[in-house]
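Position 365, counted from 1, in the sequence shown is what UniProt numbering calls 365; the numbers after and before it change by one each time, with no gaps.
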Amino acid sequence: MPIVDIAVLLGLVVLNGFFALSELAIVSARRPRLKMMADAGDPGAARAIKLADDPSSFLSSVQIGITLIAILTGVVGESSLADPFAEFLRETTSLGGYAGPVASAVVVFGIGYMSLILGELVPKRVALSNPEPIAAFVSGPLRIVALIGTPMVIVLNASTAVMLRLLGVKEQDGSNVTEEEVRSVIAEGVAAGSIEPVEKRMIEGVLGLADRPVRSIMTPRREVFWIDTSDDLETIKTELAESPFSRIVVGKNGSVDDPVGILHKKDVLAKLLAGQDFELASQVKDPLYVPEGASALSLLELFKSQPSSTAFVVDEFGGFEGIVTSHDVLGAIAGVLPEEHETAEDQDIRRREDGSYMVDGRAALDTVTEAFAFNIPQSAQGEFHTAAGLVIASLGRIPNEGDTLDVGGWIVEVIDMDGPRVDKLMFRQRGTEATAPKADADA
1 MPIVDIAVLL GLVVLNGFFA LSELAIVSAR RPRLKMMADA GDPGAARAIK LADDPSSFLS
61 SVQIGITLIA ILTGVVGESS LADPFAEFLR ETTSLGGYAG PVASAVVVFG IGYMSLILGE
121 LVPKRVALSN PEPIAAFVSG PLRIVALIGT PMVIVLNAST AVMLRLLGVK EQDGSNVTEE
181 EVRSVIAEGV AAGSIEPVEK RMIEGVLGLA DRPVRSIMTP RREVFWIDTS DDLETIKTEL
241 AESPFSRIVV GKNGSVDDPV GILHKKDVLA KLLAGQDFEL ASQVKDPLYV PEGASALSLL
301 ELFKSQPSST AFVVDEFGGF EGIVTSHDVL GAIAGVLPEE HETAEDQDIR RREDGSYMVD
361 GRAALDTVTE AFAFNIPQSA QGEFHTAAGL VIASLGRIPN EGDTLDVGGW IVEVIDMDGP
421 RVDKLMFRQR GTEATAPKAD ADA
């Protein structure tokens with residue numbers, strides 16, 4: 001068997017491997033990393049981006065090359081190797097008339113095996129191991145191949161487009177990265193150890209701001225600490241001294257339903273320490289207003305554009321629903337952040353000594369679902385935003401103390417009601433018995 005013919009076959013197989021390597025490297029290369037390489041001055045990365053931006057022409061050029069190589073490999077193998085090998089078998093074996101078919105089968109198998117290993121599997125594994133640098137390296141030769149094959153590529157693309165129209169297939173732009181794809185990449189990063197779980201929670205918190213309404217993070221009206229403009233000065237001083245908050249809602253006529261503004265305690269602190277009197281109305285700041293259905297992301301943009309960090313939440317009729325602060329937005333991103341005046345008893349979720357958990361009815365739903373590892377049905381998402389809302393929606397009525405329900409493998413029991421408001425819930429795993437709530441242990 002001529003050495004030259006074998007060398008030609010090996011060259012064709014290696015060339016096939018180059019095309020396979022190039023194709024997979026360009027397709028699997030991450031565009032952000034290629035962009036970083038291009039910005040750093042790598043011309044190959046810039047060429048790779050251009051190739052990836054026009055996949056139809058690029059893939060057609062590669063396919064033309066692979067097809068031509070396959071044809072040439074078959075021709076060279078059959079004419080140069082099969083016939084000499086058949087003659088060799090006739091001279092050295094007793095195959096006789098079967099020498100030709102046997103030689104052809106052996107040559108086809110040998111060439112196929114070599115093409116599969118050296119021309120497909122190994123190059124593709126190499127491409128996947130480090131796609132971006134390889135894509136940048138091969139982009140130059142591929143650019144030349146694409147230019148040479150342009151006439152044939154035009155014909156192939158036109159033919160492909162006609163066939164796709166006949167089949168009713170519409171081409172889609174796959175370059176847009178969706179939020180779910182970002183979340184999937186983040187999850188892979190956590191599994192690989194390159195992203196910390198706490199970083200994952202914060203990134204997902206940021207991604208969820210646009211979908212999270214303000215009403216899900218606000219302090220509801222009935223829980224707002226407020227003072228009345230009609231109170232006498234001594235009463236106001238006492239209330240300010242007892243309040244743990246730095247910003248206080250100011251109501252009028254004995255009601256907080258129509259608040260007049262926000263009082264910053266620091267504005268009157270100097271007067272209080274000096275024993276001086278002050279006029280409450282002159283210290284009240286005009287509030288920001290935000291609709292309850294607005295997203296937490298739009299609220300963040302509002303806080304960035306205004307000097308205030310507190311906003312009044314109103315319904316569609318302009319009624320006061322509660323207050324929301326920049327601290328609440330940060331909590332939506334990083335998780336619930338305790339206030340300075342809060343104690344362990346104020347925590348939204350506390351583990352008890354018997355292994356069950358005491359949960360505040362106001363606890364954010366995403367905090368609860370993450371803590372207890374269960375999901376809300378897609379059809380119910382957005383309907384409620386707290387642990388109390390979950391219970392009310394599941395029961396279809398205002399709960400009573402002692403009511404229980406099964407949620408995601410957890411038995412949820414209503415422990416305490418504050419009028420119609422669900423105050424405390426107890427979560428325990430199905431199959432376990434709970435002890436009296438008085439056995440609570442601080443987490």
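Note that the Cβ used here is the ideal one computed from N, Cα and C, for glycine as well. The model shown is predicted, which means the values in this text are computed figures rather than measured ones.
Who are residue i's beta bridge partners in DSSP?
{"i": "G322", "result": "P220 and V313"}
{"i": "L405", "result": "V412"}
{"i": "S295", "result": "P213"}
{"i": "K424", "result": "D360 and D416"}
{"i": "H327", "result": "According to DSSP, which records beta bridges pairwise, H327 is partnered with nothing at all."}
{"i": "R247", "result": "H264"}
{"i": "Q429", "result": "W410"}
{"i": "K271", "result": "Bridge partners of K271: none, in fact."}
{"i": "D228", "result": "G251"}
{"i": "T367", "result": "Its beta-bridge partners do not exist; DSSP assigns none."}
{"i": "T386", "result": "A364"}
Kindly give me the distance between the Cβ atoms of residue i and residue j, rounded to whole angstroms, as I take these residues to be in contact under 8 angstroms.
{"i": "V13", "j": "L118", "result": "5 angstroms"}
{"i": "T229", "j": "K252", "result": "5 angstroms"}
{"i": "S295", "j": "D211", "result": "7 angstroms"}
{"i": "I349", "j": "A363", "result": "6 angstroms"}
{"i": "L24", "j": "K124", "result": "5 angstroms"}
{"i": "V138", "j": "S61", "result": "Wrong, their Cβ atoms sit about 12 angstroms apart, outside the cutoff."}
{"i": "G322", "j": "T386", "result": "About 12 angstroms separates the two Cβ atoms, so there is no contact after all."}
{"i": "K200", "j": "I186", "result": "5 angstroms"}
{"i": "V324", "j": "A334", "result": "V324 to A334, Cβ: 16 angstroms. No contact."}
{"i": "residue 451", "j": "L209", "result": "As displayed, the chain neither begins before 1 nor continues past 443, which places residue 451 out of reach and without an answer."}
{"i": "E292", "j": "V260", "result": "Not a contact, Cβ separation roughly 20 angstroms."}
{"i": "residue 445", "j": "G17", "result": "The shown model of the chain, from 1 to 443, leaves out residue 445, and the question about it has no answer."}
{"i": "L272", "j": "K304", "result": "32 angstroms between Cβ atoms; not a contact."}
{"i": "F384", "j": "G408", "result": "The pair is not a contact, with the Cβ atoms about 15 angstroms apart (cut-off 8 angstroms)."}
{"i": "E179", "j": "L207", "result": "6 angstroms"}
{"i": "I26", "j": "A99", "result": "With a Cβ gap of about 45 angstroms, I26 and A99 do not count as contacting."}
{"i": "L240", "j": "K266", "result": "Rounded, the Cβ-Cβ distance is 11 angstroms, inconsistent with contact."}
Where does residue i fall in DSSP's three states?
{"i": "T178", "result": "coil"}
{"i": "I195", "result": "coil"}
{"i": "V14", "result": "helix"}
{"i": "K170", "result": "coil"}
{"i": "F19", "result": "helix"}
{"i": "L288", "result": "strand"}
{"i": "A344", "result": "The predicted position of A344 is uncertain, since its pLDDT is 49 and thus under 50; a value taken from the coordinates is nonetheless stated next. A344 falls in the helix class under three-state DSSP."}
{"i": "I349", "result": "strand"}
{"i": "T235", "result": "helix"}
{"i": "T93", "result": "coil"}
{"i": "A373", "result": "coil"}
{"i": "F308", "result": "With the sequence shown as reference, residue 308 is identified as Ser, and Phe is not the correct amino acid for it. Coil, per DSSP."}
{"i": "V256", "result": "coil"}
{"i": "Q283", "result": "helix"}
{"i": "A29", "result": "coil"}
Given that a residue counts as buried once 16 or more other Cβ atoms are within 10 Å of its Cβ, and exposed if not, what is residue i?
{"i": "P131", "result": "buried"}
{"i": "D257", "result": "exposed"}
{"i": "G44", "result": "buried"}
{"i": "R430", "result": "exposed"}
{"i": "A344", "result": "Residue confidence is low: A344 scores 49 on pLDDT, short of 50, so the model does not pin down where it sits. Its coordinate-derived value is still stated next. A344 comes out exposed."}
{"i": "Y357", "result": "buried"}
{"i": "A20", "result": "buried"}
{"i": "I148", "result": "exposed"}
{"i": "E353", "result": "exposed"}
{"i": "V359", "result": "buried"}
{"i": "R222", "result": "exposed"}
{"i": "T150", "result": "exposed"}
{"i": "M163", "result": "exposed"}
{"i": "A332", "result": "buried"}
{"i": "V250", "result": "buried"}
{"i": "I3", "result": "exposed"}
{"i": "K50", "result": "exposed"}
{"i": "V412", "result": "buried"}
{"i": "V268", "result": "buried"}
{"i": "K424", "result": "buried"}
{"i": "I71", "result": "exposed"}
{"i": "D328", "result": "buried"}
{"i": "R47", "result": "buried"}
{"i": "L116", "result": "exposed"}
For the ligand FAD, is there any heavy atom lying closer than 7 angstroms to the beta carbon of residue i?
{"i": "L9", "result": "Absent from the structure shown: the ligand FAD. Ligands present: none."}
Cβ contact check for the segment 47 to 62 and the segment 84 to 93: 3 or more pairs under 8 angstroms = By the Cβ rule, the segment 47 to 62 does not count as touching the segment 84 to 93, because fewer than three pairs are nearer than 8 angstroms.
On the three-pair Cβ rule with 8 angstroms, is the segment 151 to 170 touching the segment 60 to 76?
-> Touching, yes.
Can we say the segment 395 to 402 touches the segment 411 to 424, given the rule of at least three CB pairs closer than 8 angstroms?
-> Contact between the segment 395 to 402 and the segment 411 to 424 is present, because at least three Cβ pairs lie under 8 angstroms.
Tell me, please, whether the segment 103 to 116 touches the segment 69 to 77 by the rule of three or more beta-carbon pairs shorter than 8 angstroms.
-> The segment 103 to 116, when compared against the segment 69 to 77, does touch it at the 8 angstroms Cβ threshold.
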